[in-house]
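K.L.:
Those sequence lines, one after another, are chains F and G. Residue numbering for the first sequence follows the numbering used here, starting at 11 and increasing by one per position. Residue numbering for the second sequence follows the numbering used here, starting at 4 and increasing by one per position. Quick reminder that beta carbons are idealized off the backbone N, C-alpha and C, glycines included. Keep in mind the model is a prediction, meaning the values are calculated, not measured.
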Amino acid sequence: MKNRKPPLIARKLLKWLIAESIYDEVIGDLNELFDLRKQQQGLAVARWYFLKDTFLSIRNFRLRRKSKSQNTTAMYKNYFKIAYRNMLRHKFYSTANILSLSFGIASALLIVLFIKSEVSFDKFHENATQLYRLNKVNNGNSGAIKNSESSGSFGPTMLEEFPEVEAVVRYENWGSMVFTHGDKNLRVEEISFAEENFLEVFDFKLIRGNAAEVLKGTTSIVLTESTAAALFGTVNPINQFVKGMNGVDFMVTGILEDVPQNSHLQFDALISWNATVPGTGPLSVNWMNNWNTQGISTYLMLKPGADVAAVHTKLPAFEEKHIPERAERYDFYLQPFADIYLHSADIQFSEAMTGTRFIYVMASIALAILLIAIFNYVNISTSKATLRAKEVGVRKVVGARRSQLIWQQLSESFLVVMLATIIGAVLTYGAMPFFNEFTGRSLSFDLIDGQLLFIIALLIPVVVLASGIYPAMMVAGYRAVTVLKSTASVRAGGNSARQVLITLQFVITMVMIVGTFMISRQTQFMHTADLGYNKNNVLMTELSDGLYADREAFVNALKANQYTSNLSMSQQTPKMSNIGYSVYPDGVKEREMSARLFRVDQQFIELYEMEMLAGRNFNEEISSDNRSAIINQTMLEQSGWEDPIGKTIGIGDEDLYQVIGVVDDFNFYSLHKEVEPIVMQTTERPYSVSIKVSEATRQQAIKALEDIWLEHETREPLSYTFLEDDLAAFYDNESNILQAIMIFAIISVVISCFGLYGLTAFTVERKLREVGIRKVLGAGEMSVIFLINKRFLMVLLIALCLGVPAGYYLMDLWLQGFAFRVSMGAEPFIMATAVLLSITLLTVSLLTVRAARMNPANVLRAE
Amino acid sequence: MKGNHLGEFEELVLLVVASLQDNAYAVTVKLEMEERADRKANISAIHSTLYRLEEKGLLESEVGGITNTRGGKRKRYFKVTNEGFEMLRDAEQLRRTFWNMIPQLSGLK
C-alpha cells in the first residue's frame with residue numbers, strides 16, 4: 011500500500027484544531043495508537059480509528075487552538091481608514107473607478123435579471139420535465155423545415171398506441187373573438203381551444219372551478235381574472251353565459267389567474283376542445299380534428315421515466331400506419347416543453363421568441379462592460395501604485411508581511427467595489443422601468459429574492475479579486491529598501507500589463523461600436539426594407555360574423571365613400587402567417603409541394619402594389635377566373651416550369667387550377683423567414699378588408715370606416731389597424747431588445763472613456779518634467795502632444811487590427827439569424843474606427859494640450 | 004469549592020496515572036484502562052481529562068524526549084501531584100467512612 015501514514019486530511023484538521031502548545035503531544039499520541047492498531051488490526055482500521063479520534067477531538071473545546079491575537083480588527087480599521095483617505099486624496103481617480111464599476115455592476119445586474127427571467131420560462135409546471143410538444147420536420151420542396159404543428163387526430167391516437175404516453179393535450183390559439191354578455195360586447199384578444207385535461211397537465215392556477223371538470227363540456231369556457239372582470243364586473247361569472255363566435259353561447263365554468271408572463275402559452279380565455287369536435291360540439295371545426303390538416307399544437311405528457319428515444323423510434327411506423335401518404339415527408343419528434351421558449355427560433359409557427367441568441371449577446375455584453383470597468387480599475391490603480399510605494403515601504407519596515415499588504419490593498423478594492431455595488435444597485439433600481447419598457451418584460455429588482463442576493467454576494471468577491479489582486483501583488487512586491495532609500499521615483503511597473511489591458515479595452519469597445527452600428531442598420535432595414543409590396547397607409551379590419559353574412563352591403567357602402575373606396579377583400583393579408591397547403595404542379599401527385607395560399611380578389615395585387623412579372627391579374631369579368639391561379643417567383647422556380655402561363659396546378663384535394671400570371675416575390679409575415687412559394691386564387695368568402703388610404707386623409711378614412719361599420723354592425727365593436735404598425739410589431743420585441751443592447755454598448759464606450767481619461771491624466775502627470783525639459787530645449791507644442799499621444803495611438807492601432815476581425819466574426823454570427831439582412835460592408839468598421847479615434851484623441855488631447863502649453867518653469871523650478 | 008470534587012472518570016484516570024508511575028502518558032493511560040478496568044475510552048476523552056486534571060493541579064507533567072515511534076513527536080508524561088494524592092486519599096477515605104456505616108456489610112468484613 012502506498013500510503014502508510016495516517017490520513018492527511020485528519021492531520022491537517024488536527025493541526026488546525028488543537029492548541030499549538032500541546033499539538034505535538036496529541037498528534038504523537040494519535041500516531042502511536044495508529045502504529046499500534048496498524049500492527050494489530052491492519053492499515054485500514056488504523057486509518058479509520060485515526061479519523062474517528064481526530065473528529066472526537068473536536069469536542070475538546072478547552073484544548074482548542076486559539077486564534078493568535080494580532081488585533082486584526084484594529085488593523086482592518088486602519089486599512090479602511092487609509093483606503094478612505096486615499097480615495098479622498100485622489101478624488102478624480104476614485105470617482106472614475108467607482109462610477110465605472112457601478113455602471114458595470116448595474117449593467118451586469120440588469121442583464122442577470124433579464125436572463126433569469128428568460129430562463130425561468132415555462133418552468134412553473136410541476137410536470138415540466140415530462141412534457142413535450144409534438145413537432146415535425148417537413149422535408150418539403152424548400153428543404154427540411156421544422157414546425158410545431160400537428161393534426162388533431164394524431165395526439166389521441168398516440169395516447170392509445172404508445173404505452174409511454176400518459177396524457178395528450180391538444181391546444182389551438184384561435185386569435186381574437188368578440189364576446190357578448192347582456193348588452194356588453196368585448197373583443198378578447200387571445201382565445202384558445204384546449205383539451206379537457208389542459209388544466210390538470212399544466213399548472214395554471216384555477217381560482218374557481220375544478221381543474222378536472224371545467225373544460226369537460228361542449229360549450230365550457232374558462233376565463234382569466236381580468237377577462238372575467240372586463241366582461242362581468244363584480245358579478246359572479248360562474249354558470250353565466252357569454253355569446254361568442256357563430257352565435258354559440260358558452261358557459262363560464264371556471265376562473266383562472268391571469269397567465270404568468272413567463273409562460274409561452276398565453277391566453278385570455280380557454281374554450282373546451284369538445285366544442286370543435288364535429289358531431290359533438292356546436293362549432294364543429296373539421297380541420298382541427300382530422301388526420302391531414304396540420305394546424306394545431308399537440309402536447310404530450312410522458313409517464314415518469316419513459317424513454318423519449320423509444321417514442322421517437324416508434325413514430326415512423328406510426329406515421330406509416332395512419333398517414334401513409336405523408337409518412338415520407340414528415341418526421342415527427344418531441345421537443346422538451348422547457349426548451350420551447352428558448353430553442354424554437356428555427357421552428358415555424360412557434361410563438362415569437364427571443365431565443366438563446368439574445369441571451370448570449372446580453373451575457374457577453376454584461377461581461378464585457380464588467381471587464382472594461384475592472385480593467386479601468388487595474389489600470390488606474392497600478393499606475394498610481396508608485397504613489398503608495400513609501401507607505402508600503404514603511405509598513406514593511408515595521409513588520410508587515412507580504413500577505414498582509416496584499417490584504418490591505420484588497421480591502422481597498424473591497425471598499426471601492428462595495429460602494430460601486432451600492433451605487434450600482436441604486437442605478438439598477440432606477441433603470442428598471444426603462445429597461446422593462448425597452449425589453450417588454452416586467453422584471454423587478456427585488457433584494458428579497460434569494461437568488462439575486464446570491465448572485466450579488468458572488469459578484470462582489472469576484473470583482474474584488476479580479477480588479478484588486480494584480481495591483482495588490484504589485485504593490486506588496488515593492489522592496490522596502492529600494493522604495494525608502496532612493497529619492498528618485500520608483501518605476502511604476504506593470505507597464506506591459508496596462509498596455510495589454512487598454513488594448514483589450516479598445517478591442518471590446520471597437521466590437522461594441524461596430525455592433526451598435528450593425529444593429530441599428532439591421533433594425534432600420536427591417537422597418538424600411540423593400541417587401542415586394544407597399545405596406546404604407548393600408549387600413550385593415552376583419553368582418554364580424556354579422557357583417558360577413560351581409561358583406562355586400564357593407565363593402566358597397568365603403569366603396570361609395572371617397573376615403574375608403576380603394577379596397578380589397580381577401581382571406582389572407584401579408585401580415586398573416588397562413589398555413590401551408592399541398593399543391594401539385596400539373597396535377598401530378600408525385601410533384602407535391604408545400605405552398606402558402608392567398609385567397610384574394612382582383613384589387614389585391616394592385617392595392618398592395620405588387621409587381622406582375624408575367625401573365626395577367628384576376629379579372630372579375632372573366633367567369634373562369636374562379637379556377638385561375640397566380641403564382642409567385644419562388645413557386646415558379648421550384649415548380650420547374652419554363653413557361654407557367656396556361657399550366658395547371660392542383661391545390662389540396664380540389665380540382666385543377668390554371669396558372670394565369672406570375673407575381674414578383676413579396677415578404678409576408680416577418681423578415682426572419684425566407685420567401686415561400688405562394689399560390690393566389692380568388693375567393694367567394696373573404697373576411698379581411700384592406701383599404702388603401704392617402705397619407706393626408708387617414709383620419710377621415712378611419713372616421714368613415716367607423717361610421718359605416720356602426721351602420722351595419724351593432725353587436726361587435728370595430729377594431730382596425732394599419733398594416734405598417736402590425737408589421738412593426740413583429741420586430742418590436744426584437745428592436746426593443748436591440749435598443750437596450752445599444753444603450754449597454756454606449757455605456758461600455760463611456761466607461762472606457764473614464765479609464766482612458768484617468769490613464770492619460772496619469773501619464774501626463776508623470777511626463778510633466780520630461781515635457782518641461784523638452785520645451786526648454788526647444789520642442790514645439792505639436793511634438794509634445796505627439797509624444798504623449800503616440801503611445802495611445804499605437805495601442806489604438808493594435809486594437810484596430812484585433813477588433814476588426816473580431817467584430818466582423820461576431821456580427822456575421824448575429825446576422826445569420828435573419829433571412830433578410832443588411833450586408834456588412836466596411837462602413838461600420840470605418841465608423842467605429844473614426845469614433846474610437848476621435849474619442850481617444852479628444853480624451854487624450856484634452857490633457858496633453860494643457861501639458862504642452864504649460865510653462866516649463868513651473869515644473870522644473872523644484873529641481 | 005466546586006472544582007474540588009472528582010468525577011468518576013477523573014478519579015479513574017488519576018488512579019491509572021498513579022499506578023503507571025513513570026510511564027504515564029495519554030496512550031499508556033488509555034491502554035491500561037482498557038486492560039485493567041475493561042473500560043473503552045477514546046483518546047480524545049483521555050486528553051481532555053488529563054489536561055483538565057493538570058489545570059486543577061492534581062497532575063503535573065513534563066515533556067519527554069523524541070522517539071521514533073510517534074512520528075518524531077514528544078510525549079508528555081504525567082505525574083500525580085501531592086494534591087492529587089490527597090484528593091485520591093480523601094475520596095478513598097470518604098468511601099470507607101460510608102462503607103463502615105453500612106451495618107451488614109461491615110459485619111461481613
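Between the region 45 to 56 of chain G and chain F, which residues of the former have CB atoms less than 9 Å from a CB of the latter, in chain order?
P.N.:
Listed in sequence order: ASN45, ILE46, SER47, ALA48, ILE49, HIS50, SER51, TYR54, ARG55.
K.L.:
How many angstroms separate the CA atom of F/ALA204 from the CA atom of F/GLY813?
P.N.:
Working through the first sequence from its first residue, we reach residue 204 of chain F at position 194. Working through the first sequence from its first residue, we reach residue 813 of chain F at position 803. Near 52 Å, if we compare the C-alpha coordinates of F/GLY813 and F/ALA204.
K.L.:
By a C-beta neighbour count over all protein chains shown, 10 Å radius and 16 as the cutoff for buried, is F/PRO815 buried or exposed?
P.N.:
Within the first sequence, the letter at position 805 stands for residue 815 of chain F. F/PRO815 comes out exposed.
K.L.:
Excluding the 5 residues flanking F/TYR767 on each side, which residues of the same chain have their C-beta closer than 6 Å to its C-beta?
P.N.:
Your numbering for residue 767 of chain F matches position 757 in the first sequence. Contacts found: THR853.
K.L.:
In this structure, how does DSSP classify F/SER202 when only helix, strand and coil are distinguished?
P.N.:
Reading the first sequence from its first residue, position 192 is the one you call residue 202 of chain F. If DSSP states are grouped into helix, strand and coil, F/SER202 belongs with the strands.
K.L.:
Under 8 Å between C-beta atoms, does G/ARG39 make it to chain F?
P.N.:
Within the second sequence, residue 39 of chain G is the residue found at index 36, counting from 1. G/ARG39 does not count as touching chain F.
K.L.:
For the region 721 to 728 of chain F and the region 186 to 197 of chain F, state whether three or more C-beta atom pairs, one from each stretch, are separated by less than 8 Å.
P.N.:
Segments in contact, yes.
K.L.:
Alpha carbons only, please: which of F/TYR309, F/SER307, F/TYR343, F/GLU338 is nearest the one belonging to F/VAL321?
P.N.:
Numbered from 1 along the first sequence, position 311 holds the residue referred to as residue 321 of chain F. Taking only the C-alpha atoms, the option nearest F/VAL321 is F/TYR343.
K.L.:
What residue range does the alpha helix (DSSP H) around F/ILE529 cover?
P.N.:
Counted from its first residue, the first sequence places residue 529 of chain F at position 519. Per DSSP, F/ILE529 belongs to the alpha helix (DSSP H) from 505 to 538.
K.L.:
Taking the C-alpha atoms as reference points, what is the distance between F/ARG871 and F/ASN88?
P.N.:
Here residue 871 of chain F corresponds to residue number 861 of the first sequence, with the count starting at 1. Here residue 88 of chain F corresponds to residue number 78 of the first sequence, with the count starting at 1. Going from the Cα of F/ARG871 to the Cα of F/ASN88 covers about 36 Å.
K.L.:
Which value, in whole angstroms, describes the spacing of the CA atoms of F/ILE28 and F/TRP58?
P.N.:
One-based indexing of the first sequence puts residue 28 of chain F at position 18. One-based indexing of the first sequence puts residue 58 of chain F at position 48. So the alpha carbons of these two residues sit roughly 20 Å apart.
K.L.:
Of the residues F/GLY52, F/ASP653, F/PHE796, F/VAL407, which one's Cα is nearest the Cα of F/ALA862?
P.N.:
Locating residue 862 of chain F in the first sequence gives position 852, counting from the first residue. The shortest C-alpha separation from F/ALA862 is found at F/PHE796.
K.L.:
So which residues on chain G does F/SER31 lean against when the C-beta distance must stay under 7 Å?
P.N.:
One-based indexing of the first sequence puts residue 31 of chain F at position 21. The contacting residues do not exist; F/SER31 stays about 10 Å from chain G at best.
K.L.:
Could you say which of F/LEU119, F/VAL672, F/LEU111 lies nearest to F/ASN386 if we only look at CA atoms?
P.N.:
Taking the first residue of the first sequence as position 1, residue 386 of chain F is located at position 376. Of the listed residues, the one whose Cα sits closest to F/ASN386 is F/LEU111.
K.L.:
Return the chain-ordered ranges of every beta strand (DSSP E) run that is complete within the region 170 to 236 of chain F and spans a minimum of 3 residues.
P.N.:
If we require 3 residues or more, the beta strand (DSSP E) runs fully inside the region 170 to 236 of chain F come out as 175 to 191, 194 to 204, 216 to 218, 230 to 234.
K.L.:
How would you call G/LYS112, buried or exposed, if buried means at least 16 neighbouring beta carbons within 10 angstroms?
P.N.:
Taking the second sequence and counting its residues from 1, the one referred to as residue 112 of chain G is at position 109. Because the pLDDT of G/LYS112 is 47, which lies under 50, any placement of that residue in the model is unreliable, and the question is left without a value.
K.L.:
Following the continuous beta strand (DSSP E) through F/PRO346, name the residue where it begins and the one where it ends.
P.N.:
Here residue 346 of chain F corresponds to residue number 336 of the first sequence, with the count starting at 1. First-last of the beta strand (DSSP E) with F/PRO346: 340 to 346.
K.L.:
Using CA coordinates, which residue listed in F/ILE369, F/GLU171, F/MET428, F/THR658 is at the minimum distance from F/LEU646?
P.N.:
Mapped onto the first sequence, residue 646 of chain F falls at position 636. Among F/ILE369, F/GLU171, F/MET428, F/THR658, the Cα nearest to that of F/LEU646 is on F/THR658.
K.L.:
Going by DSSP in three states, G/LYS112 sits in which element: helix, strand or coil?
P.N.:
As a working mapping, residue 112 of chain G is identified with position 109 in the second sequence. Residue confidence is low: G/LYS112 scores 47 on pLDDT, short of 50, so the model does not pin down where it sits. No coordinate-derived value is stated.
K.L.:
For F/GLU791, which of F/MET834, F/ILE808, F/ASN865, F/ILE761 has the nearest alpha-carbon?
P.N.:
By one-based count along the first sequence, residue 791 of chain F stands at place 781. Of F/MET834, F/ILE808, F/ASN865, F/ILE761, the residue nearest in Cα terms is F/ASN865.
K.L.:
Given a threshold of 16 other Cβ atoms within 10 Å of its Cβ, counted over all protein chains shown, does F/TRP719 qualify as buried or as exposed?
P.N.:
Residue 719 of chain F sits at position 709 when you count from the first residue of the first sequence. Classification of F/TRP719: buried, given that the 10 Å Cβ count is 16 or more.
K.L.:
Can you give me the C-alpha to C-alpha distance between F/LEU820 and F/PHE527, rounded to a whole angstrom?
P.N.:
Here residue 820 of chain F corresponds to residue number 810 of the first sequence, with the count starting at 1. Here residue 527 of chain F corresponds to residue number 517 of the first sequence, with the count starting at 1. Looking at the two C-alpha atoms, the distance is approximately 13 Å.
K.L.:
Between which residues of its own chain and F/MET11 is the CB-CB distance below 7 Å, once the five residues before and five after are set aside?
P.N.:
As a first step, residue 11 of chain F must be located in the first sequence, where it is residue number 1. Residue placement at F/MET11 is poorly supported in this model, since its pLDDT is 41, which falls under 50; the coordinates still yield a value, given next. Only LEU53 meet the Cβ criterion.
K.L.:
Check whether chain G comes within 8 Å of F/LEU40, counting only Cβ atoms and requiring the distance to be less than that.
P.N.:
Walking along the first sequence from the start, residue 40 of chain F turns up at place 30. So, interface residue.
K.L.:
Could you compute how far the alpha carbon of F/ILE783 sits from the alpha carbon of F/VAL402?
P.N.:
Position 773 of the first sequence, counting from 1, holds the residue named residue 783 of chain F. Position 392 of the first sequence, counting from 1, holds the residue named residue 402 of chain F. Going by the C-alpha atoms only, they are around 31 Å apart.
K.L.:
Got a sec: which bits of the region 61 to 74 of chain G sit with their beta carbon under 8 Å from any beta carbon on chain F, in order along the chain?
P.N.:
The residues in question are VAL66, THR72, ARG73, GLY74.
K.L.:
Please report the distance separating the alpha-carbon of F/ASN446 from that of F/GLY114.
P.N.:
Start at 1 with the first residue of the first sequence, and residue 446 of chain F comes out as number 436. Start at 1 with the first residue of the first sequence, and residue 114 of chain F comes out as number 104. Approximately 19 Å between the Cα atoms of the pair.
K.L.:
Quick check on G/MET4: buried or exposed, where buried means 16 or more other Cβ atoms within 10 Å of its Cβ?
P.N.:
Stepping through the second sequence from its first residue, residue 4 of chain G is reached at position 1. Caution applies to G/MET4, whose pLDDT of 39 falls short of 50 and renders its modelled position unreliable; the value that the coordinates give is listed next. Per the 10 Å Cβ criterion, exposed.
K.L.:
Does any C-beta atom of chain F lie closer than 8 Å to the C-beta of G/VAL30?
P.N.:
In the second sequence, the residue the question calls residue 30 of chain G occupies position 27. Interface residue, yes.
K.L.:
Ignoring anything shorter than 4 residues or poking outside the region 390 to 457 of chain F, list the alpha helix (DSSP H) runs there in chain order.
P.N.:
Taking only runs of at least 4 residues, the alpha helix (DSSP H) segments lying wholly in the region 390 to 457 of chain F are 399 to 407, 412 to 449.
K.L.:
Taking only runs of the alpha helix (DSSP H) that begin and end inside the region 14 to 70 of chain F, which ones reach a length of at least 4 residues, in chain order?
P.N.:
Listed in chain order, the complete alpha helix (DSSP H) runs (minimum 4 residues) inside the region 14 to 70 of chain F are 18 to 27, 30 to 51, 53 to 67.
K.L.:
Whole angstroms is fine: what's the gap from F/SER130's alpha carbon to F/HIS274's?
P.N.:
As a position in the first sequence, residue 130 of chain F is number 120, starting the count at 1. As a position in the first sequence, residue 274 of chain F is number 264, starting the count at 1. Cα-Cα distance, rounded: 11 Å.
K.L.:
Between which residues of its own chain and F/ALA118 is the CB-CB distance below 6 Å, once the five residues before and five after are set aside?
P.N.:
Position 108 of the first sequence, counting from 1, holds the residue named residue 118 of chain F. Excluding sequence neighbours, F/ALA118 sits near ALA376, LEU380.
K.L.:
Is F/PHE764 buried or exposed, if buried means 16 or more other CB atoms sit within 10 Å of its CB?
P.N.:
Position 754 of the first sequence, counting from 1, holds the residue named residue 764 of chain F. With 16 or more other Cβ atoms within 10 Å, it is buried.
K.L.:
In three-state DSSP terms, what is G/GLU11?
P.N.:
To locate residue 11 of chain G, count along the second sequence from 1; it is residue 8. The answer is helix: DSSP assigns G/GLU11 an H, G or I state.
K.L.:
Would DSSP call G/GLU65 helix, strand or coil?
P.N.:
Position 62 of the second sequence, counting from 1, holds the residue named residue 65 of chain G. In the structure shown, G/GLU65 sits in a strand (DSSP, three-state: E or B).
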